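Just so you know, the sequences run in chain order G and D. Its first residue numbered 3, the first sequence is counted upward by one per residue in my numbering. Its first residue numbered 3, the second sequence is counted upward by one per residue in my numbering. Note that CB positions come from ideal geometry on N, CA and C, so glycine has one too. Treat the numbers as computed from the prediction; the structure is a model and nothing was measured. So the structure is just underneath, and the comments pick up after that.
There are 2 protein chains.
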Amino acid sequence: MKIGILGTGVVGQTIAEKLVQLGHQVMIGTRDKQTTLAKTGKDNFGRPALNEWLKNNSKVQLKTLSEAASSGEFIVNATSGTGSIDALKMAGENNLTNKILLDISNPLDFSKGMPPTLTICNTDSLAEQIQRTFPKTKVVKSLNTLTAMLMTNPGLLPEPTNIFLNGNDANAKEEVKKLLVSFGWKEKNIIDMGDITTARGTEQILPIWVRLWGTLQTPMFNFKIVVVGR
Amino acid sequence: MKIGILGTGVVGQTIAEKLVQLGHQVMIGTRDKQTTLAKTGKDNFGRPALNEWLKNNSKVQLKTLSEAASSGEFIVNATSGTGSIDALKMAGENNLTNKILLDISNPLDFSKGMPPTLTICNTDSLAEQIQRTFPKTKVVKSLNTLTAMLMTNPGLLPEPTNIFLNGNDANAKEEVKKLLVSFGWKEKNIIDMGDITTARGTEQILPIWVRLWGTLQTPMFNFKIVVVGR
């Protein structure tokens, strides 16, 4: 599949690496290729600059947001939540029309220090804002509830855990589910929460997630829903 | 221990039953004893009216909020979140001074239909509001992340799950931890998240909790935090 990833941070890179391993053709989109390529040193997560990363991931093509969205049959939103709507507008509404958009972003505001607050919550969610802004795009929220390395390597966790789907289009959710299964998720552990408004639940799990990161001193964890009688 | 429970709903009743079993002296407080005793039929959870319940739980003493708080050495807030501050004011600041208040309430607003929204979130929490309103009370938030029957019977779950503590006073958290252990929680599964502001995380887990209730068609579930390498 031709997949366009929007966002070149740790989430975009991690998803791109996995998709290339799985044999997909991957375009990763950034606002400004020159600026992105000019960066040197490590990022906040200790990852190499994109320039270095691209040398080790030569099958991934660096594109503008618009080019990545235009050439992708399937789109991944891996941008920072506070910039997602702008980035998707730069990608171009026409380039997103009738396509599935896997939305991994979280509306986290780090500008007032740690832990971050949410820019949207309670009666709305970023996923809903994206769906309202791009009504012809099939938005499916998933993977936003755990750290990037575990999104594509759930088997690193010592036991099965859960991942969630939120979206209005049943077929689009099925396609995302297939992708998640190819990442190593067991189908029975993927919980379809319902329509896109249910993303209010999965996005608002972030406030406990960021605090658990501090308490556990590691981001390498995930939630397992344990049910009586199952 | 003499324990005053504020709130006669399903949470107050369930906690009261367990505390009596454990040999504590339990006072359960309500705003207006006459009104509460006059209720008949089943409540929204299919539980008998308090009048009936008291016949089967004759060791529990029905009191006003103020009486229950005054005679309790340890206080439990089991009122609805939207009414908690008012109920605690009726209980009386002096009756709460220097005491531990186990806060189980959630700021859920059911007035606009299901699923409920939060009346407080993101940059504040109900637990913080209570702590600010009653600065001489040692507020510890816990047990608000699962259904009443599992609060006092964690062993009904098919495997160990987690419960959280939020509060400013380390000794108060230790006392609450002892109570939770007496309820059946394993000490290693009780996660101390930090000061009272960390209740923003545990209260904001409710939006996914209420939606999981719908998706799973049962409230009998809990969260387990699975960590790589542990």
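Distance, Cα to Cα, residue i vs residue j?
i: THR10 of chain G; j: LYS91 of chain G; result: 17 Å
i: GLY2 of chain D; j: LEU145 of chain D; result: This structure leaves residue 2 of chain D out entirely; chain D is present only between 3 and 232.
i: ASP171 of chain G; j: ASN79 of chain D; result: 42 Å
i: LEU128 of chain G; j: ALA93 of chain D; result: 40 Å
i: VAL28 of chain G; j: VAL230 of chain G; result: 42 Å
i: ALA150 of chain G; j: ASP45 of chain D; result: 45 Å
i: ILE210 of chain G; j: GLN206 of chain D; result: 7 Å
i: THR125 of chain D; j: GLN131 of chain D; result: 11 Å
i: GLU189 of chain G; j: ALA89 of chain D; result: 46 Å
i: PHE136 of chain G; j: ILE106 of chain D; result: 40 Å
i: SER152 of chain G; j: GLU177 of chain G; result: Reading the sequence as shown, one finds Leu at residue 152 of chain G and not Ser. Those two C-alpha atoms are separated by around 20 Å.
i: LYS41 of chain G; j: ARG33 of chain G; result: 14 Å
i: GLN133 of chain D; j: THR81 of chain D; result: 16 Å
i: CYS123 of chain G; j: ARG202 of chain G; result: 7 Å
i: LYS4 of chain G; j: LYS180 of chain G; result: 15 Å
i: ILE77 of chain G; j: LEU39 of chain G; result: 22 Å
i: LEU159 of chain D; j: ARG232 of chain G; result: 9 Å
i: SER113 of chain D; j: ALA51 of chain D; result: 22 Å
i: THR199 of chain G; j: LYS138 of chain G; result: 17 Å
i: GLU95 of chain G; j: GLY43 of chain G; result: 34 Å
i: ASP197 of chain G; j: GLY85 of chain G; result: 23 Å
i: SER60 of chain D; j: THR37 of chain D; result: 19 Å
Please go through the same chain and pick out, in chain order, the residues whose beta-carbon is closer than 7 Å to the beta-carbon of residue i, but skip the five residues on each side of it.
i: GLY157 of chain D; result: GLY186
i: ASN164 of chain G; result: ASN191, ILE193, PHE225, LYS226, ILE227
i: PHE223 of chain G; result: LEU214
i: PRO221 of chain G; result: THR149, TRP215
i: LYS175 of chain G; result: VAL142, LEU167, GLY169, ASP194
i: VAL62 of chain D; result: ALA18, VAL22, VAL28, ILE30, LEU56
i: ILE87 of chain G; result: GLN131, ILE132, THR135
i: PHE47 of chain D; result: VAL12
Counting only the same chain and skipping the five closest in sequence on each side, list residues whose C-beta sits under 8 Å from that of residue i.
i: LYS35 of chain G; result: LEU64, LYS65, THR66
i: VAL212 of chain D; result: LEU110, MET116, PRO117, PRO118
i: ARG49 of chain G; result: VAL12, GLN15, TRP55
i: GLU161 of chain D; result: LYS226
For residue i and residue j, which I take to be in contact (beta-carbon distance under 8 Å), what is that distance rounded to the nearest angstrom?
i: VAL142 of chain G; j: LEU182 of chain G; result: About 10 Å separates the two Cβ atoms, so there is no contact after all.
i: ASN108 of chain G; j: LEU208 of chain G; result: 5 Å
i: THR204 of chain D; j: THR121 of chain D; result: Contact doesn't hold; Cβ gap of about 16 Å is too wide.
i: GLU75 of chain G; j: GLY31 of chain G; result: In fact, because the Cβ distance is near 14 Å, the residues do not count as touching under 8 Å.
i: SER73 of chain G; j: GLY25 of chain G; result: The Cβ separation is near 17 Å, so there is no contact.
Please go through the same chain and pick out, in chain order, the residues whose beta-carbon is closer than 6 Å to the beta-carbon of residue i, but skip the five residues on each side of it.
i: THR154 of chain G; result: THR16, LYS20, PHE185
i: LYS140 of chain G; result: ILE102, ASP171, ALA174
i: GLY83 of chain G; result: SER107, ASN108, PRO109, LEU110, LEU128
Check the Cβ of residue i against every Cβ in chain C and list those closer than 7 Å, keeping chain order.
i: PHE225 of chain D; result: No chain C appears in this structure, whose protein chains are G and D.
Do the segment 198-218 of chain D and the segment 184-202 of chain G make contact, defined as three or more Cβ pairs closer than 8 Å? Three or more Cβ pairs drawn from the segment 198-218 of chain D and the segment 184-202 of chain G lie within less than 8 Å of each other, which places the two stretches in contact.
Against chain G: residues of the segment 200-223 of chain D by CB proximity under 7 Å: Cβ contacts with chain G: THR200, ARG202, GLY203, THR204, GLN206, ILE207, PRO209, ILE210, ARG213, LEU214, THR217, LEU218, THR220, MET222, PHE223.
Any contact between the segment 43-62 of chain D and the segment 95-104 of chain D? By contact I mean 3 or more CB pairs, one from each, below 8 Å. At 8 Å Cβ cutoff, the stretches do not touch.
What residues in the segment 161-194 of chain G bring their beta carbon closer than 7 Å to a beta carbon of chain D? Legend: CB atoms of the segment 161-194 of chain G lying less than 7 Å from CB atoms of chain D belong to residues GLU161, THR163, ILE193.
Scan the segment 115-129 of chain G for residues whose Cβ lies nearer than 7 Å to a Cβ of chain D and list them as they occur along the chain. So the close ones are THR119, LEU120, CYS123, ASN124, THR125.
Interfacial residues, the segment 126-160 of chain D to chain G, with Cβ spacing under 8 Å: Near chain G, meaning a CB-to-CB distance below 8 Å, the residues of the segment 126-160 of chain D are LEU152, LEU158, LEU159, PRO160.
Please identify, using Cβ separations under 9 Å, the residues of the segment 34-51 of chain G that lie next to chain D, in order along the chain. Within the segment 34-51 of chain G, no residue has a Cβ that lies closer than 9 Å to any Cβ of chain D.
Which of the residues in the segment 94-108 of chain D, read from start to end, lie with their CB under 7 Å from any CB of chain G? Hits within the stretch: zero.
Contact set between the segment 58-75 of chain G and chain D, restricted to residues whose Cβ is under 8 Å from the partner: Contacts with chain D (Cβ-Cβ distance below 8 Å) from the segment 58-75 of chain G involve no residue at all.
Please list, in chain order, the residues of the segment 75-87 of chain G that have any C-beta partner in chain D closer than 7 Å. So nothing in the stretch comes that close.
According to a CB-to-CB cut-off of less than 8 Å, which residues of the segment 4-28 of chain D neighbour chain G? The segment 4-28 of chain D vs chain G, Cβ under 8 Å: nothing.
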